[in-house]
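The working numbering puts the sequence shown at residues 5 to 119.
What follows is a set of notes on a single structure, which appears directly below.
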Amino acid sequence: MRLCRITIIRTQLGNNYKARVTIMQIDYKFNDKAIQDSIKRLQQLGADMTPITRGIAAVLASESEAAFQKEADPTTGRKWQPLTPKYAAKLAAKGLTGKMLNISKQLMQLSSISV
């Protein structure tokens, strides 16, 4: 079982202080034993692992990007909770009416990088 963690931290500046605030943390676990076993067999055969690892990374990055586009859990397909009306109105007042968690694309990029 493998644990992956994505943590988004923002630094806030106050009058006389600097604080790091965790905005969001996502933990997910998955069983990769079959994949690891297959990779070990290929390594024992002396295979070039570059195409395989790049292919795996591409699939995982694609799944992550699809989750953001669908605004849903990539495993269950369950939609994310909607924004509260108050928060949605606050974003709309700033002209931010697009998909959730895509204001700066920062979270999506971090998700793709961690794969």
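Glycine included, each C-beta is placed from N, C-alpha and C at the ideal position.
For clarity, every value in this text was computed on a predicted model and none was experimentally measured.
- In the structure shown, residue 80 adopts coil according to DSSP, grouped into three states.
- Closest by C-alpha distance to residue 83, out of 60, 103 and 39, is 103.
- Residue 34 has 6 as its beta-bridge partners, per DSSP.
- When secondary structure is reduced to three states using DSSP, residue 57 falls in the helix class.
- Bounds of any alpha helix (DSSP H) do not take in residue 103, whose DSSP letter is neither H nor E.
- Taking 8 Å as the cut-off, the Cβ atoms of residue 6 and residue 31 do not count as close.
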